[in-house]
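Numbering (full-length UniProt numbering), first residue to last: 1 to 354.
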């Protein structure tokens, strides 16, 4: 049996007993009930994910998957394809936003080459899982064949499971790839039913006058490929990227180990949609880190039934919004675990008669 089938069948149900105990403790803490707002809802949700009434998420990880996209040949971006390789090298020397924000959140980073087209010097700190020099051009045909799509998913699964075996208990998936906002827009359109005009954004600073061209390419990709929107593997093979597949696989694998996954922006959310089609129960382990400025992100989150915790007008990707939300996740867990209850502190509780 393929790893994909095994993992999908082994995603556990949310633990309602842990939710009940966590909710009861939350209501006994030295504060008015509900006064910590969505932090309370978040930690109770995490208790169910982790099957722990007082969860502690102290082993945080972001996996950044890099790959190129053939659709970049259509002129849908502002940057040349070699920027994928150059930014991967920038991640290596800790020069990017994801490095700064992950360090601030106390999270480790792994860098994975899923299909970077341009060559670069050998680097021990880049995990090589290259499936090719980028995907095919989705404006003229599928991004990849079905077998390669499965391999991308299983690669992400394998890497997430390795981290889980080392104790990881909170995950974010990030990415780098010129052309990947076009693929992501196409995936979101296919899965949500929203139009390219509604979903497609400027990506990494595309000039406004070129945005209409990008929308037309997304329309063309949808028409040319006509993916089966009930089949996540077909959507990935038709419209996706190697890194998007690996991100989706990592999300599903994390869910199989009761590990919460914080979803980032539009590309991460496209991967989350793929994961939701392949393994619907994986959605129970997703946390929306933030709402991106990119218009399609809200449609993806709505389809997933997720409400973001941050709205900072970000649209960088790399996993930056997700790791920034790590701090919110940790704060929610620590308040439940470290605050005293009224009984523990000897503080009088509210009197409903007053």
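C-beta atoms are modelled at their ideal positions from N, C-alpha and C, and glycine is treated no differently.
Could you tell me whether the segment 140-153 touches the segment 214-226, where touching means 3 or more Cβ pairs closer than 8 Å?
Contact holds: three or more Cβ-Cβ distances are below 8 Å.
Looking only at its chain, what residues have a beta carbon closer than 8 Å to the beta carbon of residue 290, apart from the 5 residues adjacent to it on each side?
Answer for residue 290: 264, 265, 308, 309, 310, 311, 312, 314, 321, 322, 324 and 325, listed in chain order.
Going by C-alpha to C-alpha distance, which of 57, 231, 149 and 56 sits closest to residue 136?
Ranking the options by Cα distance to residue 136, first place goes to 149.
Please classify residue 35 as buried or exposed, where buried requires at least 16 neighbouring CB atoms within 10 angstroms.
The residue is exposed, with fewer than 16 neighbouring Cβ atoms inside 10 Å.
Taking the straight line between their C-alpha atoms, what separation do you get for residue 339 and residue 30?
Between residue 339 and residue 30, the C-alpha separation is close to 7 Å.
Could you check what DSSP says for residue 232 in three-state terms: helix, strand or coil?
DSSP places residue 232 in helix when its eight states are reduced to three.
List the endpoints of the continuous alpha helix (DSSP H) containing residue 24.
Counting along the chain, the alpha helix (DSSP H) containing residue 24 begins and ends at 16-26.
With 16 other CB atoms within 10 Å as the buried threshold, where does residue 350 fall?
Classification of residue 350: exposed, given that the 10 Å Cβ count is below 16.
Taking only runs of the alpha helix (DSSP H) that begin and end inside the segment 94-179, which ones reach a length of at least 4 residues, in chain order?
Within the segment 94-179, the complete alpha helix (DSSP H) runs of at least 4 residues are 97-105 and 146-165.
Can you tell me which residues form a DSSP beta bridge with residue 341?
According to DSSP, residue 341 bridges with 29.
Can you round the beta-carbon distance between residue 159 and residue 116 to whole angstroms, since I take them to be within the 8 Å contact cut?
Contact flag wrong, Cβ pair sits at about 16 Å.
Which two residues bound the contiguous alpha helix (DSSP H) that contains residue 83?
Note, residue 83: alpha helix (DSSP H), 82-92.
Is the beta carbon of residue 83 less than 8 Å from the beta carbon of residue 183?
Not closer than 8 Å, so no.
Would you grab the beta carbon distance between residue 287 and residue 235 for me? Rounded to a whole angstrom, and I think it's under 8 Å.
23 Å between Cβ atoms; not a contact.
If you measure between the beta carbons of residue 157 and residue 4, is that distance less than 8 Å?
The answer is yes: Cβ separation under 8 Å.
Starting from residue 7, follow its DSSP beta bridges and name the residues at the other end.
DSSP, once it has assigned bridges, lists no residue as partnering residue 7.
How many angstroms separate the CA atom of residue 300 from the CA atom of residue 213?
In a straight line, the C-alpha of residue 300 is about 22 Å away from that of residue 213.
Please report the straight-line C-alpha distance between residue 239 and residue 186, rounded to a whole angstrom.
Each residue's Cα considered, the two are about 6 Å apart.
For the beta strand (DSSP E) containing residue 67, name the first residue and the last one.
Residues 60-67.
Would you tell me roughly how many angstroms separate the C-alpha atoms of residue 152 and residue 102, rounded to the nearest one?
When rounded, the distance between both Cα atoms is 25 Å.
Starting from residue 263 and walking both ways along the beta strand (DSSP E), at which residues does that stretch end?
It spans 261-263 - the beta strand (DSSP E) in which residue 263 sits, taken as one unbroken run.
By a C-beta neighbour count over all protein chains shown, 10 Å radius and 16 as the cutoff for buried, is residue 175 buried or exposed?
Under this definition residue 175 is a buried residue.
Would you kindly work out how many angstroms separate the C-alpha atoms of residue 356 and residue 206, rounded to a whole number?
Here the chain comprises residues numbered 1 to 354, so residue 356 is not present and cannot be evaluated.
Going by DSSP, name the residue or residues bridged to residue 290.
BP columns for residue 290 point to 310.
First and last residue of the alpha helix (DSSP H) that includes residue 295?
Here the alpha helix (DSSP H) through residue 295 covers 295-304.
If distances are taken between C-alpha atoms only, which option among 332, 60 and 292 comes closest to residue 106?
Nearest option by C-alpha distance: 60.
Report buried or exposed for residue 215, applying the criterion of at least 16 other Cβ atoms within 10 angstroms of its Cβ.
Classification of residue 215: buried, given that the 10 Å Cβ count is 16 or more.
Taking residue 48 as part of the alpha helix (DSSP H), name the residues at either end of that continuous run.
First-last of the alpha helix (DSSP H) with residue 48: 38-50.
What do you reckon, are the CB atoms on residue 248 and residue 271 nearer than 8 Å?
For residue 248 and residue 271, yes; Cβs fall inside 8 Å.
In angstroms with no decimal places, state the Cα-to-Cα distance between residue 53 and residue 163.
Their Cα atoms are separated by approximately 23 Å.
Compare the C-alpha of residue 90 against each of 120, 296 and 104 and name the closest.
Answer by Cα proximity: 120.
Is the beta carbon of residue 13 sitting closer than 8 Å to the one on residue 44?
Cβ atoms of residue 13 and residue 44: not closer than 8 Å.
Only counting the same chain, and skipping five residues up and downstream in sequence, which positions put a Cβ closer than 7 Å to that of residue 16?
Once the five neighbours on either side are set aside, the close Cβ partners of residue 16 are 48.
Out of curiosity, what's the CA-to-CA distance linking residue 25 and residue 341?
Distance between the alpha carbons of residue 25 and residue 341: 7 Å.
Keeping to the same chain, check which residues put their C-beta closer than 8 Å to that of residue 32; ignore five residues upstream and five downstream.
Here the set comprises 350.
Looking at residue 39 and residue 332, is the spacing between their C-beta atoms short of 8 Å?
Against a cut-off of 8 Å, the Cβ pair of residue 39 and residue 332 comes out as a contact.
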